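Please read the structure below before turning to the comments.
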Amino acid sequence: MINTIIVKLMLLMLLLMMMIIIMKMMMMMIILMMLLLMLMLLLLLLLMMMMMKKKKKKMMMMMMMMMMMMMMMMMMMMMMMMMMMMMMMMMMMMMMMTTTTTTTTMMMMMMMMMTTTTTMTTTKMTMMMMMMMMMMMMIMMMMMMMMMMMMMMMMIMMMMMMMMMMMMMMMMMMMMMMMMIMMMMMMMMMMIMMVVVVMMVMMVAMMVMMVMIVMMVMMVMVMVTVTMTMMMMMILLLLNLLLN
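When the letters of the sequence shown are read in order and numbered with the working numbering, they come out as residues -6 to 237.
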């Protein structure tokens, strides 16, 4: 009976891990797709600008600026959503892990209560007690690990927010500069084009940075999930061996 329970638990854990990893991969794919789309749009706009006549170029410039702002906003929203989703997933994982461990311990205790007869040797009893202690320790460790992870996530989120704010400020400054140039209009079109190129480079750099940060967080999360599952497996196997 205990064997079947243990096997079922193991399967459940594996399934959970797979699900989490797949979800993360999907999220990454979505983000990358969005980035590619945005870059394509920007390139298209640039091409159109090249083809435009000088009179229409001013209008086009304004449009491009607006578009960039919109894209930045979109990116920020997406990143925030991603982070929220990841936090939620972490919470879920935490709940799942703790509940599974506690339930297994409880079940084992019950089994032991049933099996404790007068014929049972003291050595076996001590072994079981030790096992219980180990289980509790493991649970505590897991909780600690999860807490650490949460802290890290919070830190990363804060960093992202700061980055966003800075980028937004820079964008605003650029916009102001552009307006000034438009007002003066003594400046050549080349100057404006240069500003646009600089902005584009900045945007691409920011996108890459964001993707890197998200990748890092995801890698850490995957590693944690794997370690947790491995730990669970080990505990269950040990129990299986002892109880047989």
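Quick reminder that beta carbons are idealized off the backbone N, C-alpha and C, glycines included. A quick note: this is a predicted structure, and the numbers were derived from the prediction, not measured.
Distance, residue j Cα to residue i Cα
i, j, result
"residue 39", "residue 33", "10 Å"
"residue 232", "residue 8", "21 Å"
"residue 223", "residue 29", "37 Å"
"residue 19", "residue 12", "11 Å"
"residue 227", "residue 15", "24 Å"
"residue 22", "residue 235", "44 Å"
"residue 26", "residue 36", "16 Å"
Closer than 9 Å to chain B by CB, residue i
i, result
"residue 23", "The structure shown contains no chain B; it is built from a single protein chain."
Contact test: residue i Cβ vs the ligand SAM heavy atom, cutoff 8 Å
i, result
"residue 223", "Summarising the ligand content, the structure contains no ligands, and the ligand SAM is consequently not present."
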